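Going by full-length UniProt numbering, the sequence shown opens with residue 5, and the numbers climb by one from there. Note that the Cβ used here is the ideal one computed from N, Cα and C, for glycine as well. Treat the numbers as computed from the prediction; the structure is a model and nothing was measured. First comes the structure, then the notes that go with it.
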Amino acid sequence: TTRIVLASRPQGEPTPANFRIEQAVLPDPGGGQVLLENVYLSLDPYMRGRMDEGRSYAAPVAIGAVMDGGTVARVIASRHPGFAEGDWVLAHAGWQTHALVDGASLRRKLDPAVAPVSTALGVYGMPGFTAYAGLHEIGKPQAGETLVVAAASGPVGATVGQIAKLRGARVVGIAGGAAKCAHVAGELGFDVALDHRAPDFAERLRAAVPDGIDVYFENVGGAVFEAVLPLLNDFARVPVCGLVAHYNERGRPPGPDRLPELMALILSRHLTVRGFIQRDFPALYPAFLADMGRWLAAGAIAYREDVIHGLEQAPAGLIGLLAGRNFGKLLVKLV
Ligand code: NDP
């Protein structure tokens with residue numbers, strides 16, 4: 005197998021020197037094990053967190069260990085009764101071309117007739133489920149309410165906005181640049197798309213939400229959150245899903261401490277601000293698969309993938325993802 009390991013921990017933005025490519029020889033599968041060929045590797049913002057030490061919701065990747073990651077793989081040899089050569093599976097097999105895993109650890113088998121297998125890493129997998137669960141459990145958009153979401157052309161944001169539209173909400177998407185905004189307002193069918201890099205972004209956002217904001221699905225933090233805060237309605241819900249604007253930051257930003265102001269707003273506007281990790285809601289996963297399967301088959305949910313080729317491109321892909329250079333669900337095609 006060819007694999008990419010964490011060579012060193014980044015200081016701020018990751019660089020190619022934080023990664024190292026290696027070769028290794030895999031043993032034959034033992035009892036219960038399955039040998040996989042990874043076909044797609046998912047690149048996701050959470051991977052930046054795994055590169056750091058310290059307490060988080062998941063353990064860091066150790067120096068010298070293979071980078072973590074979800075994959076769509078083909079079974080090339082199996083000593084597990086549930087899997088046969090040629091099966092497509094959703095795995096967490098990391099940044100490598102091949103992997104030996106316990107069959108019991110495999111997340112699910114994939115049927116290419118139901119949806120393209122790559123979607124198991126995007127709209128029909130973890131990011132899509134994140135959108136579904138965050139809305140179902142926390143955001144709860146109602147017909148006629150206004151929902152705002154950033155990173156709107158990515159797999160989480162795109163799905164959030166489209167599910168909220170299906171629920172009858174008015175949806176404002178925020179994305180970086182004209183091409184992404186055109187996609188968000190066009191193919192994805194959001195009511196409004198706004199470029200967070202526009203110098204007058206905060207005023208444009210205010211104008212786009214004449215009735216205020218009832219649900220802010222928090223994907224980014226930073227300047228977008230600052231523009232959203234004063235526009236939140238009483239009893240607004242804020243599922244805190246991700247803060248990608250901050251993942252490369254080192255230490256606290258300069259400037260006055262505005263935490264008391266934030267807490268006062270949470271109190272006086274009766275806000276529900278709740279962090280979540282999609283794995284908090286395993287009981288909801290079957291309903292997600294059923295609903296999303298139906299929506300995809302009916303063409304009710306659109307999705308966009310951004311596919312780069314070759315394992316050696318993965319570090320640059322992740323660095324670019326954190327800076328908004330991907331356009332859609334970022335995947336590395338390995339075969
Ligand atoms: P995306 O494919 O949308 O990639 C991240 C995007 O974030 C970039 O493309 C960029 O888009 C945007 N971005 C980066 N920096 C900034 C910034 N400073 N201000 C505004 N936008 C910025 O990623 P995903 O859809 O996979 O993930 C979206 C969020 O959801 C992330 O925060 C991620 O960590 C989180 N997440 C949380 C999960 C959970 O269980 N809680 C599970 C999965 C994801 P643009 O060019 O439009 O700015």
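Tell me whether residue i is buried or exposed, calling it buried when 16 or more other Cβ atoms sit within 10 Å of its Cβ.
i           : result
residue 239 : exposed
residue 215 : exposed
residue 48  : buried
residue 33  : buried
residue 313 : exposed
residue 319 : buried
residue 39  : buried
residue 60  : exposed
residue 174 : buried
residue 311 : exposed
residue 159 : buried
residue 222 : buried
residue 300 : buried
residue 98  : buried
residue 46  : buried
residue 267 : exposed
Take residue i as the anchor and find which of the options has the nearest alpha-carbon.
i           : options            : result
residue 133 : 245, 268, 267, 278 : 245
residue 2   : 176, 55, 218       : Here the chain has residues from 5 to 339 only, and residue 2 is not among them.
residue 250 : 233, 258, 226, 271 : 226
residue 114 : 127, 241, 78       : 78
residue 91  : 264, 42, 150, 334  : 42
residue 3   : 59, 111, 169, 82   : The structure shown does not extend to residue 3, since the chain is modelled only from 5 to 339, so the question has no answer here.
residue 187 : 332, 50, 6         : 332
residue 1   : 311, 147, 80, 127  : Nothing about residue 1 can be reported from this structure: the residues present for the chain run from 5 to 339 only.
residue 149 : 168, 159, 164      : 168
residue 51  : 280, 68, 67, 73    : 73
residue 203 : 195, 213, 228, 253 : 228
residue 217 : 35, 8, 143         : 143
residue 35  : 5, 81, 317, 191    : 81
residue 124 : 317, 289, 330      : 289
residue 75  : 269, 271, 67, 109  : 109
residue 277 : 258, 253, 141, 120 : 141
residue 352 : 255, 265, 120      : Outside the shown range of the chain, which is 5 to 339, sits residue 352, and nothing can be said about it.
Please report the Cβ distance between residue i and residue j, rounded to the nearest whole angstrom; I am assuming they are in contact, meaning their Cβ atoms lie under 8 Å.
i           : j           : result
residue 220 : residue 209 : Their Cβ separation, rounded to whole angstroms, is 11 Å, which puts residue 220 and residue 209 out of contact at 8 Å.
residue 84  : residue 37  : 7 Å
residue 137 : residue 285 : 4 Å
residue 44  : residue 157 : About 19 Å; that fails the 8 Å criterion.
residue 242 : residue 155 : Not a contact, Cβ separation roughly 15 Å.
residue 57  : residue 24  : About 18 Å; that fails the 8 Å criterion.
residue 303 : residue 118 : Contact flag wrong, Cβ pair sits at about 14 Å.
residue 338 : residue 321 : At roughly 12 Å, the Cβ-Cβ gap does not stay under 8 Å, so residue 338 and residue 321 are not in contact.
residue 164 : residue 135 : 4 Å
residue 104 : residue 31  : 7 Å
In angstroms, rounded to a whole number, what distance separates the CA positions of residue i and residue j?
i           : j           : result
residue 10  : residue 107 : 25 Å
residue 199 : residue 180 : 5 Å
residue 96  : residue 70  : 11 Å
residue 315 : residue 274 : 47 Å
residue 93  : residue 145 : 33 Å
residue 29  : residue 65  : 21 Å
residue 152 : residue 26  : 43 Å
residue 232 : residue 89  : 50 Å
residue 172 : residue 308 : 23 Å
residue 193 : residue 306 : 9 Å
residue 291 : residue 261 : 42 Å
residue 283 : residue 190 : 31 Å
residue 87  : residue 63  : 29 Å
residue 53  : residue 280 : 15 Å
residue 185 : residue 7   : 36 Å
residue 196 : residue 170 : 16 Å
residue 100 : residue 213 : 45 Å
residue 252 : residue 272 : 32 Å
residue 295 : residue 230 : 34 Å
Inter-stretch contact at 8 Å, needing at least 3 Cβ pairs: the stretch 320-334 / the stretch 10-20: yes
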